[in-house]
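The structure appears right after this line, and notes come after that.
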Amino acid sequence: MRAFRTIAIPLLAALSLLAGTYSAAAAPRAITKYVALGDSYAVGVGTYGYDNPDDPCRRGPYAYPRLWAAAHPSVAFTEASCSGAETADVLGAQLPLVTPDTSLVTVQVGGNDAGFVDVLVGCTFGSDSDCVTRTQAASEIVRTTVAPALQKTYAAIRANAPSAKVVVIGYPRIYKPGGTCFGQLSAPKQAAINASADVLATVTAAQASAAGFTFLDARTTFNGHEICTSDWYLTALEIFKLNESFHPNKKGHQLGYFGPLNAITG
């Protein structure tokens, strides 16, 4: 800590100045404009409720950004998230909606860059060893390709909104280790998928921290509510609705995402 200088400045005036400076620095910026960026986890996939069933973005009223916006009606809200989005889509179509007057941004992206949809489909229909191979390959993509893509994405968000609070939303583990339930993937497949989810979370958290952003770790907020627990926050494997499988359900958005996000932002 720097020593105080007493060069012709009365002590009381100095203390008053310091107190005023501290108060100004500590005061959080009021949230007046919120922009949500991201992929299928940030929209309605898994909730079975959509604004328009034919909308390829699959947006719906139960997604956590919508829940946050509904709880803060005075805040201007822009939903840029779209199912299937990768970091390139965030940088392309979504990012221009983040402007200098934006005061809150949430961003959830990276899973599609690593090909996790194909991994989950492959694990569903392939052997245990094939699933392990696929998840390990996806994890390597996360380390080598997704990490710099996230770094670039986060830097672009900060450049567009220099004073915004940015919350990076993570992905949960899919299965509860040791959990049992009918019709789901084998234990080796579940473990492989969870291990890959851990790699993605670790890399995302590191990039968020490097950018000075807040990371919401969904592995924590979904803990005890994975598939094959007594109270799932995720949709299970549905052979005839694969696009709905392995996504947050209504509880997941409400309790796993919105609640913690609201606690972070106020």
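The opening position of the sequence shown corresponds to residue 3 in my numbering, with each subsequent residue numbered one higher. C-beta atoms are modelled at their ideal positions from N, C-alpha and C, and glycine is treated no differently.
Residue i at chain D interface by Cβ criterion, 7 Å
| i | result |
| --- | --- |
| threonine 237 | Note that chain D does not occur in the displayed structure, where there is just one protein chain. |
Cα-Cα separation between residue i and residue j, rounded to whole angstroms
| i | j | result |
| --- | --- | --- |
| proline 164 | proline 102 | 7 Å |
| alanine 26 | asparagine 245 | Note that alanine 26 has pLDDT 37, beneath the 50 cutoff, so the model's placement of it is unreliable and no number is given. |
| threonine 108 | leucine 239 | 27 Å |
| leucine 122 | isoleucine 195 | 8 Å |
| glutamine 153 | alanine 213 | 7 Å |
| valine 37 | alanine 199 | 25 Å |
| alanine 139 | aspartate 132 | 11 Å |
| alanine 65 | glutamate 142 | 30 Å |
| aspartate 57 | isoleucine 171 | 23 Å |
| glutamine 110 | valine 92 | 10 Å |
| alanine 197 | glycine 268 | 32 Å |
| alanine 73 | asparagine 264 | 9 Å |
| leucine 202 | arginine 31 | 30 Å |
| alanine 116 | alanine 90 | 12 Å |
| alanine 210 | tyrosine 50 | 30 Å |
| isoleucine 266 | threonine 146 | 30 Å |
| lysine 35 | proline 98 | 14 Å |
Boundaries of the alpha helix (DSSP H) in which residue i is found, first to last residue
| i | result |
| --- | --- |
| isoleucine 171 | Isoleucine 171 -> not in any alpha helix (DSSP H); beta strand (DSSP E) instead, spanning 167 to 171. |
| glutamate 142 | 130 to 143 |
| phenylalanine 191 | Looking at the sequence provided, one finds lysine at residue 191 rather than phenylalanine. Looking at the DSSP string, the run of the alpha helix (DSSP H) that includes lysine 191 is 189 to 213. |
| tyrosine 66 | 66 to 73 |
Identity of the residue in the options nearest residue i by Cα
| i | options | result |
| --- | --- | --- |
| histidine 249 | Ala32, Val45, Leu39 and Leu97 | Val45 |
| serine 129 | Tyr50, Thr222, Pro190 and Thr237 | Pro190 |
| alanine 78 | Pro55, Ser105, Val201 and Gln96 | Ser105 |
| leucine 187 | Leu257, Gly124 and Ser211 | Gly124 |
| proline 75 | Ala208, Gly172 and Ile33 | Ile33 |
| threonine 216 | Tyr156, Asn162 and Arg136 | Tyr156 |
| glutamine 96 | Ile171, Ala82 and Tyr52 | Ala82 |
| leucine 39 | Arg175, Ile159 and Ser247 | Ile159 |
| valine 205 | Ser247, Thr237 and Ala149 | Ala149 |
| alanine 193 | Thr89, Glu88, Gly94 and Val134 | Val134 |
| isoleucine 241 | Leu99, Arg145, Gly185 and Glu88 | Gly185 |
| arginine 221 | Ser247, Pro262 and Lys243 | Pro262 |
| aspartate 219 | Val169, Lys243, Ser247 and Thr237 | Val169 |
Cβ neighbour criterion (16 or more within 10 Å) applied to residue i
| i | result |
| --- | --- |
| asparagine 251 | buried |
| phenylalanine 127 | exposed |
| lysine 167 | buried |
| aspartate 120 | exposed |
| isoleucine 229 | buried |
| isoleucine 176 | buried |
| proline 174 | buried |
| glycine 48 | buried |
| glycine 62 | buried |
| alanine 161 | exposed |
| glycine 94 | exposed |
Residue interval of the beta strand (DSSP E) (run including residue i)
| i | result |
| --- | --- |
| glycine 261 | Per DSSP, glycine 261 belongs to no beta strand (DSSP E); it is in the alpha helix (DSSP H), 261 to 267. |
| leucine 152 | No beta strand (DSSP E) contains leucine 152, which is instead part of the alpha helix (DSSP H) from 149 to 162. |
| glutamine 110 | 106 to 110 |
| alanine 38 | 35 to 40 |
7 Å Cβ shell around residue i - same chain, five flanking residues per side excluded
| i | result |
| --- | --- |
| glycine 86 | Asp41, Ser42 and Asn114 |
| threonine 231 | Lys178 and Gly181 |
| phenylalanine 260 | Tyr66, Leu69 and Trp70 |
| threonine 23 | Legend: pLDDT at threonine 23 = 37, less than 50; position of this residue unreliable, no value from coordinates given. |
| cysteine 59 | Val45, Cys84 and Ser85 |
| valine 151 | Sequence inspection shows alanine at residue 151; the valine mentioned does not correspond to that position. Excluding residues within five positions, the ones whose Cβ falls inside 7 Å are Thr89 and Asp115. |
| threonine 237 | Gly48, Glu246, Ser247, Phe248, His249 and Asn251 |
Cutoff 8 Å; reference residue i; Cβ partners in own chain excluding five residues on either side
| i | result |
| --- | --- |
| leucine 257 | Thr223, His227 and Tyr235 |
| lysine 253 | His227, Asp233, Trp234 and Tyr235 |
Heavy atom of the ligand FMN within 6 Å of residue i beta-carbon
| i | result |
| --- | --- |
| leucine 244 | Of ligands this structure carries none, so the ligand FMN is not represented either. |
Close-in-space but distant-in-sequence residues of the same chain around residue i (CB under 6 Å, 5 per side omitted)
| i | result |
| --- | --- |
| alanine 29 | Because the pLDDT of alanine 29 is 44, which lies under 50, any placement of that residue in the model is unreliable, and the number read from its coordinates should be weighed accordingly. Excluding positions up to five away in sequence, the list is empty. |
| alanine 207 | Phe217 |
| cysteine 183 | Cys230 |
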